[in-house]
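K.L.:
Residue numbers (this note's numbering): 13 to 232. We treat Cβ as the ideally placed atom computed from N, Cα and C, and that holds for glycine. Sharing a structure with you now.
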């Protein structure tokens, strides 16, 4: 995750140092929380309150060039009003699509309607794809069926097996998992995350999120 701006459009944010165990491994940009008074990584399927975004890395190992690498303090962007930005998740088309449907087999068991009102963008075509859409074509999601993992789209090209799409979930979306490194959103699980989507940058394939649960907010 990258700091983008504050929810009110401001640029001045709170970032403070917090205690961390010397051997804890945290990447810059990782979503973190407080556990027993120490900064730790948020779990992939985190549902509790977060502290914020790690503003620096902490390898947990001695580093002659970075004495803080295994230190006892770490800087965290802890402002509960921060807007975070990360890469939008991607899916790969499976067989059985049509001019108005896209099926993605790797999706977890999301509920009907979870992606309604969002968008998909064609990122890359399979080598033998006959998809009539141009790379970069954006189509609105008009409905989603969870059992068949099917997006119903505005009419356009027929997705071919192996075509890759960027998914821009609808405003208010708060499901999925954190990526393995804790810096992005993936759609391989359906946890109710303490993050809420508030916007897209469809030109740059980015999504904007805020904390849905934060240790300094009343909803934590």
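Can you find the residues in the same chain that come closer than 6 Å, C-beta to C-beta, to residue 10, ignoring five residues on each side of it along the sequence?
P.N.:
Any property of residue 10 remains undetermined from this structure, which presents the chain solely from 13 to 232.
K.L.:
Ignore the nearest five residues each way along the sequence and tell me which others in residue 164's own chain have a CB closer than 8 Å to its CB.
P.N.:
Correct list, in chain order: 112, 113, 153, 154, 155, 156, 157.
K.L.:
Using DSSP's beta-bridge definition, name the partner residues of residue 208.
P.N.:
According to DSSP, which records beta bridges pairwise, residue 208 is partnered with 222.
K.L.:
Using a 10 Å radius around the Cβ and a threshold of 16 neighbouring Cβ atoms, would you call residue 86 buried or exposed?
P.N.:
It is buried - the Cβ of residue 86 has at least 16 other Cβ atoms within 10 Å.
K.L.:
Look up residue 127 in the DSSP assignment and say whether it is helix, strand or coil.
P.N.:
Coil.
K.L.:
According to DSSP, simplified to helix, strand and coil, what is residue 64?
P.N.:
Note: residue 64 maps to strand in three-state DSSP.
K.L.:
Which residues does DSSP list as the beta-bridge partners of residue 102?
P.N.:
Answer is 178, bridged to residue 102.
K.L.:
Do the CB positions of residue 182 and residue 130 come within less than 8 Å of each other?
P.N.:
For residue 182 and residue 130, yes; Cβs fall inside 8 Å.
K.L.:
Identify the continuous beta strand (DSSP E) that holds residue 187 and give its terminal residues.
P.N.:
Run containing residue 187: 187-190, per the beta strand (DSSP E) assignment.
K.L.:
With a CB to CB cut of under 8 Å and the five nearest residues on each side skipped, what residues in its chain are close to residue 221?
P.N.:
Here the set comprises 13, 95, 96, 97, 98, 197, 207, 208, 209, 210.
K.L.:
So, at 6 Å on beta carbons, what are the nonlocal neighbours of residue 51 in its own chain, with the 5 sequence-adjacent residues on each side left out?
P.N.:
Taken in chain order, the residues that qualify are 30, 32, 44, 86.
K.L.:
Which whole-angstrom value describes the C-beta separation of residue 90 and residue 64, a residue pair presumed to lie in contact below a C-beta threshold of 8 Å?
P.N.:
Contact flag correct, Cβ pair sits at about 4 Å.
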